[in-house]
Every structure is written in C-alpha cells, then in structure tokens.
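Chains A and B, in that order, give the protein sequences.
Residue 1 is where the first sequence starts when you use our numbering, and the numbers rise one by one after that.
Residue 1 is where the second sequence starts when you use our numbering, and the numbers rise one by one after that.
Backbone N, C-alpha and C fix where the C-beta goes; we use that ideal spot for every residue, glycine too.
What you are looking at is a predicted structure, and each value in this text was computed from that prediction instead of being measured.
Here's the structure, in structure tokens; my notes come after.
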Amino acid sequence: MAGILVLARMEGGSVARSGFELLGAARSLAEPFGERVTAALLGKETSAYLKTLFVQGADLVAEASHPSLGTYAPEAYLSALEQICRSLDPSMILLSADSIGRELAPRLAHRLEAGIVAEVIDVAVTDGIPHLISPAYGGKAMSVFTPKGYPLVVTLKPRAFKPLRADESKHGEVVEIDLDLPPHLLQVKVVEQVKEEAAGVKLEDAKIVIGGGRGLGGPEGFQVLEQLAKLLKGAVGASRAATDAGWVPTSWQIGQTGKTVGPDLYIAVGISGATQHIAGVSGAKTIVAINTDAEAPIFKIAQLGIVGDYKKIVPRLIGKCKELLGR
Amino acid sequence: MDIVVCIKQVLDPEIPASQFKIDPVSKRQVQADGQGLVISTYDEHALEVALKLKEQVGGRVTALTLGEPSATSALRKALSMGADEAALVSDQAFQDLDAKGVAHLLRAAIKKIGTVDLVLCGCESADWGHRTVGPLLAEELGIFCVTFATRIEPKGDRIILRKVVEDGYELIEAPLPLLVTITSDETNVPRYPKVKDIMLAARKPIPTWTAKDLSLDGAKIGKGSSKIELRQLYIPAREARCELIEGETPEEQAERLAFRLRELKLL
Ligand SMILES: Cc1cc2nc3c(=O)[nH]c(=O)nc-3n(C[C@H](O)[C@H](O)[C@H](O)COP(=O)(O)OP(=O)(O)OC[C@H]3O[C@@H](n4cnc5c(N)ncnc54)[C@H](O)[C@@H]3O)c2cc1C
Ligand SMILES: Nc1ncnc2c1ncn2[C@@H]1O[C@H](COP(=O)(O)O)[C@@H](O)[C@H]1O
Chain A
1 MAGILVLARM EGGSVARSGF ELLGAARSLA EPFGERVTAA LLGKETSAYL
51 KTLFVQGADL VAEASHPSLG TYAPEAYLSA LEQICRSLDP SMILLSADSI
101 GRELAPRLAH RLEAGIVAEV IDVAVTDGIP HLISPAYGGK AMSVFTPKGY
151 PLVVTLKPRA FKPLRADESK HGEVVEIDLD LPPHLLQVKV VEQVKEEAAG
201 VKLEDAKIVI GGGRGLGGPE GFQVLEQLAK LLKGAVGASR AATDAGWVPT
251 SWQIGQTGKT VGPDLYIAVG ISGATQHIAG VSGAKTIVAI NTDAEAPIFK
301 IAQLGIVGDY KKIVPRLIGK CKELLGR
Chain B
1 MDIVVCIKQV LDPEIPASQF KIDPVSKRQV QADGQGLVIS TYDEHALEVA
51 LKLKEQVGGR VTALTLGEPS ATSALRKALS MGADEAALVS DQAFQDLDAK
101 GVAHLLRAAI KKIGTVDLVL CGCESADWGH RTVGPLLAEE LGIFCVTFAT
151 RIEPKGDRII LRKVVEDGYE LIEAPLPLLV TITSDETNVP RYPKVKDIML
201 AARKPIPTWT AKDLSLDGAK IGKGSSKIEL RQLYIPAREA RCELIEGETP
251 EEQAERLAFR LRELKLL
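Quick look at the structure:
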C-alpha cells in the first residue's frame, strides 16, 4: 500500500460532507497499514478549506484548484483526478457513490489500470487485506470483494460511513498540483440546473422521513404526506413506482437507485418494501409501515406497523401529532 | 442517429426476498421456481429513450448483449419493441469476466457494428448494480460520458440530456459520439410490443459473435485478468419483529401510533 487518496469536492461554498465520510473510512483502512491519508480537493478557490480536511482526518491535502473546476464538469474533473493520482501514486482511491463519484470512479480506474469495487457499505481489514462489502441483487445479498493488486478504486455509499469527530488541533502538509486542463474538456457542460427539493429539510439530512409509494394512488397523496412532514419537521421521499409514475420528481427516489437516508424515523406509506427500496433506508433507526396488505414485505422489516388505508390513517395521525406536539 | 443500446439479461429482480436463493460456492444467484429471465430494468428504459430519439431524428437502433445463448430472448424483446438490429456476444471462453472484461467485449462488438453516434446503457444492472460497465465502456471507446440521464433531445450535431442529481436535475449539452447511462422517469417507461411486431421480431436473424469474430485484447478478458476477487456472497440476516398497532377504527389506530411514537421519543 502506498497511501489512500479520497476525493473531496466543493459544494455550495464549502467542502461537501461526502469528503468527510470518505476520510472516516480511509482512516480505518489506512491505520492497520500505517499509511497516510490524502484528501484531493477539487475546486476553483480552495485554499480557505484545507484546514477542515486536516481536522477531519487528512494527513496530506492535494490542492488542485483550477478555474475549470469551479463547477462539476465530468471530463475536467476526471482529468484532474487522473493527474493527481499519477503524481501521488496512491494505492487506494476512495470516491463517494454520489452522482459525481459514480460517474468518475470507473473511468479513473480504467485510466489507472486499477481494479474497481463499487457501492461499498462497509470495510474491514482482515489478515492485512481490505475486505469491501457491497450489496448485490438489489440488496437481497451481500458481496465481499478483495483486491488482487493495487491501485484500487472504490466508491462508498453516501451515509454508510460517518465522518470522524473533528480534531481542531490537527494539521498537515499541503501539496499543490499543477493541472493541465485543456478547454476541450469543457465540451460536456451543464447549461441549466433545476432544484426540485421541497421546502424545509433536505431529505438526506432529515431526522424524520416519510416515504410514499404506489399505494398513494396519485400525486394528491403526496400532499398529505407533505403536511405530515412539515408538522414533524421532516422530509418526503418516494419509491420508484411513485417517481416513475411522475407523481413526484425522480430526485426524490429513495432506494438502491435513489437516495440513501438515515433518519431516526422512517414512515413508509403505501410502499410494499421491495429490497431495492429498503436498501435506501437501512440506516433508519425505526421504520413504521402503513399498508393495506398485512402480507406486504415491509412488515418484515418495520418495527411498528398499521395494516390499513393511509387515506384514513394519515389525516388522523396529523391531527393527533399536532395535539401532542402543541404545534 | 445510430444508437447502440447495451442490454443485459437477468433473472427477474422483482421476486420477493423470501424466494431469493444463492449458491455460495459459485457465488451467484440460483434461479427460483417460476423466476423468469428479463431485460435488466434500466436497460429497457435505455431502449425506450433510444427508440424515442430514433422516431424524432431517424437512424438505427441496435440492441447488443453479452451473455449466454438464452439472452437471445432479451434481444427478441428489444427487436419487438422496435430495435432495428440485435447482436449477441457469447463464447464459452469468456469466463470470470469482471466489469472491465464486459466493457472490453462490448467495445469490440460496437466496433464491429460500425460508426455509432450514441451508446446507451442502463444506469445500473439489476443483479450487480455496480454502475461501472457504462463509464468503463466510454473509456474503452475513448468517448465522453454522462451518467444517470432520463431524457435526450437532439440539438444540431449535439444533444441535450437531463441528468438526475441529488437536489433536482441538470440539463447538459454534450457532443457526439457519447455514452449515456439511463435511469427511469415517467417519460421513458418501456413500451409494450405489439403482437405484429413480436411476430416480425421472431423471424429476424440475430448474429452471435464469438471471440474469433471480435478484435480482442486477451489480457483484458483472459482468466486471471480481473484485479478484484469476489470472496463471498451471502444473504444478510433480517430480524423481523413488527409491532402491529390495532384499533377499532383506522382513526384509533392512527392515534395509538402517534402515542406510541411519542412514547418512543420519536416525536
Ligand atoms: C435494479 C432495480 C433498482 C430499483 N431501485 C429502486 C429504488 O431505488 N427505489 C425504489 O423504491 N424501488 C426501486 N426498485 C423497484 C422495486 O423493486 C419496487 O418495484 C418498488 O419499490 C415498488 O414500489 P412501491 O412499494 O411503491 O409499489 P408496490 O410494490 O406496488 O406497493 C404498493 C403498496 O401499497 C399498498 N397500498 C395500496 N393501497 C394502499 C392504501 N390505500 N393505503 C396503504 N397502503 C396501500 C399495497 O398493499 C402495496 O404493498 C428497483 C428495482 C430494480 C429492479
Ligand atoms: N453482459 C452485458 N451485456 C450488455 N450490457 C451490459 C452487460 N453487463 C452490463 N451491461 C450494461 O451496463 C449497465 C450497467 O451495469 P453494471 O455496471 O453492472 O451496473 C447495464 O445496465 C447494461 O446497460
């Protein structure tokens, strides 16, 4: 092993949380080998943010700022990462399995002639070998992969790893990487960004998430869920059946293909509980199911459940919660 | 526009977890009773996007799969949906392929098909779900790549894609040739083939290409070429203990749930 590199990137004027999750995972992989952890920070003006990376567990920061990296441009980001890896030669490279990491990781692996293990939810070092666990068959099975050599590129599921506790006393070394990013790399460009988040708490950060599925019967059902979410200061997500029907935006999808959420409370309404959906809520502390079908698989994973019609249950639930919360 | 759609045949992924079986030795899923073979979910959506695009601007759609001879039925389905051509890549010699090996073989087949403007893949396969084959194939072909799109519109010699991201979507303009991976939304729900088209598709020839028909780099697909090893496949234990909230009426059940949540300090 020759060090672990994680990709940290800027998002809305600060370092994206995913970078800190990666640092947490990287430390647990690096320590058994006595290796160093490097954070590569991509962005336009990054110097003000290096400190937080040390505080969150980096020994070294590769600062790769460049005017072309201000917002995500796939070809420019990929080339930048490739140049950083060629210069630092890490043996493992960790990226988040988010919309950006999933796009970059396989291509980076190809360029570095590295192995790739994707969608990892847990890591362990046994007998000096990293074991990487990722779901297969829609979460019905788990697979354990080991590298046959290095370098190795790995994507880690968002929210599956926790950032380390910040240690303000930590500092480290900065290496500046001179990047060569010719303009043709900007040919794939974002021409418009459209936000589809509901008002209130972000789905990924919410302590309470209400998920709606096909059982809601239409977009109106989601208005009721949104009332409940607003009252509980939570957020609304959906199953693929509901997003595919166009009832709510695709970006609201929870599950294997969609988001991973880790709330204290997940209320699944009109959702049957397919493994591909549950894959996105496995981090939830308590799952509550509301479903007309007592045989629905969701009752096999929920801690609390009501067999019944959401149309009768949710409005009364809203009423009672209002009373109890005095809101 | 000449489009290749890479489709994979898989065991129906929507069977309940209770029926799902694996063979821990071969580390693969075992076909359950009555579990059919289908086109991997998002590949069918990719096919739909390709067919819509063809209807708009003309061109050809070729469905391409790498797999067992049984995968011909997936290709027949693609033809019946409206693909113009189909090709199967299949050879006993292809053993122990990882995503890189798959991408290398798909590349060789695409080169054999000829000039291609757009290559579409599903965003993730329904069995492994690694999301790696598409971007690896882009590298193999040496073309740009955009992942997780739901819609594609032509714009002169370029295209506009709608890519789903965490907080909404982005419209992305990109040059051709390009590889795009597709996820589902309400605009790309796969069409049902018409009976007439199913009959026509049944008569279309589907070539099978083996190693000798393709120009391949043995180092990328040979035994031992993989840089990772699948050590173990297992079915995770799920504890099942659901406390069902009873009541005379749904309203009463709802009230009890609210109380229970309060008790558990979840509210
Ligand atoms: C590769 C792949 C990836 C996938 N990724 C995802 C993913 O990321 N997220 C995801 O969600 N799915 C995903 N799926 C789809 C998944 O397998 C299921 O098809 C989907 O989750 C089903 O959605 P649902 O539960 O809303 O619908 P259904 O399975 O149709 O369930 C609807 C439920 O509503 C109940 N119901 C009906 N009426 C009422 C009522 N009035 N009140 C209360 N309950 C009612 C019914 O009893 C039923 O249980 C994926 C599938 C594949 C193959
Ligand atoms: N054997 C195959 N034949 C054709 N296409 C494939 C094959 N394996 C994977 N793909 C394509 O690659 C996508 C992503 O697969 P994966 O990387 O396994 O998630 C799939 O949705 C298909 O479009």
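Whole angstroms is fine: what's the gap from residue i's alpha carbon to residue j's?
i                      : j                      : result
residue 210 of chain A : residue 33 of chain A  : 42 Å
residue 203 of chain A : residue 203 of chain B : 50 Å
residue 266 of chain A : residue 236 of chain A : 10 Å
residue 239 of chain A : residue 318 of chain A : 21 Å
residue 177 of chain B : residue 83 of chain B  : 19 Å
residue 156 of chain A : residue 40 of chain A  : 16 Å
residue 244 of chain B : residue 253 of chain B : 9 Å
residue 37 of chain B  : residue 88 of chain B  : 16 Å
residue 261 of chain A : residue 128 of chain A : 32 Å
residue 299 of chain A : residue 222 of chain A : 21 Å
residue 214 of chain A : residue 159 of chain A : 26 Å
residue 32 of chain B  : residue 182 of chain A : 53 Å
residue 29 of chain B  : residue 49 of chain A  : 46 Å
residue 35 of chain B  : residue 205 of chain A : 38 Å
Residues in the same chain with beta-carbon distance under 7 Å from residue i, minus the five sequence neighbours each way, listed in chain order, please.
i                      : result
residue 194 of chain B : none
residue 44 of chain B  : 190
residue 228 of chain A : 210, 314, 317 and 318
residue 68 of chain B  : 90
residue 2 of chain A   : 89, 90 and 91
Compute the beta-carbon to beta-carbon distance between residue i and residue j, rounded to the nearest angstrom, for a pair I have assumed lies under 8 Å.
i                      : j                      : result
residue 106 of chain A : residue 136 of chain B : 5 Å
residue 216 of chain A : residue 242 of chain A : 7 Å
residue 189 of chain B : residue 48 of chain B  : 7 Å
residue 88 of chain A  : residue 6 of chain A   : Actually they do not touch by this definition, with Cβ atoms about 12 Å apart.
residue 134 of chain A : residue 125 of chain A : Residue 134 of chain A to residue 125 of chain A, Cβ: 16 Å. No contact.
residue 168 of chain B : residue 307 of chain A : About 35 Å; that fails the 8 Å criterion.
residue 271 of chain B : residue 51 of chain B  : The structure shown does not extend to residue 271 of chain B, since chain B is modelled only from 1 to 267, so the question has no answer here.
residue 235 of chain B : residue 302 of chain A : With 8 Å as the limit, residue 235 of chain B and residue 302 of chain A do not qualify as a contact, their Cβ atoms being about 20 Å apart.
residue 164 of chain B : residue 181 of chain B : Rounded, the Cβ-Cβ distance is 11 Å, inconsistent with contact.
residue 208 of chain A : residue 232 of chain A : 5 Å
residue 42 of chain B  : residue 122 of chain B : 3 Å
residue 220 of chain B : residue 148 of chain A : Between residue 148 of chain A and residue 220 of chain B the Cβ distance is about 15 Å, and since that is not below 8 Å, they are no contact.
So that I know if they touch, is there some Cβ in chain B lying closer than 9 Å to that of residue i?
i                      : result
residue 305 of chain A : yes
residue 249 of chain A : yes
residue 110 of chain A : yes
residue 46 of chain A  : no
residue 142 of chain A : yes
residue 66 of chain A  : no
residue 157 of chain A : no
residue 240 of chain A : yes
residue 127 of chain A : no
residue 197 of chain A : yes
residue 269 of chain A : no
residue 276 of chain A : yes
residue 79 of chain A  : no
residue 183 of chain A : no
residue 134 of chain A : yes
residue 281 of chain A : no
residue 325 of chain A : yes
Is residue i near ligand 4 - that is, is its Cβ less than 8 Å away from at least one heavy atom of it?
i                      : result
residue 272 of chain A : Questions concerning ligand 4 fall outside what the structure shown contains, since the ligands it does hold are ligand 1 and ligand 2.
Quick one: what's got a C-beta closer than 8 Å to residue i's C-beta in the same chain, skipping five residues either side?
i                      : result
residue 57 of chain B  : 1 and 154
residue 186 of chain A : 68, 73, 75 and 76
Is residue i close to chain A? Criterion is C-beta to C-beta, closer than 9 Å.
i                      : result
residue 26 of chain B  : no
residue 31 of chain B  : no
residue 174 of chain B : yes
residue 67 of chain B  : no
residue 129 of chain B : yes
residue 182 of chain B : no
residue 167 of chain B : yes
residue 55 of chain B  : no
residue 16 of chain B  : yes
residue 38 of chain B  : no
Beta-carbon within less than 6 Å of residue i's beta-carbon, same chain only, minus the 5 sequence neighbours each way: which residues are those?
i                      : result
residue 83 of chain A  : 179
residue 13 of chain B  : 126
residue 133 of chain B : 99, 102 and 103
residue 355 of chain A : Nothing about residue 355 of chain A can be reported from this structure: the residues present for chain A run from 1 to 327 only.
residue 224 of chain A : 314
Report all residues for which the CB-ligand distance to some heavy atom of ligand 2 is below 7 Å; order them along the chain.
B:6, B:7, B:8, B:40, B:42, B:43, B:46, B:64, B:65, B:66, B:67, B:99, B:102, B:106, B:121, B:122, B:123, B:124, B:125, B:128, B:129, B:130, B:131, B:132, B:133, B:134 and B:181
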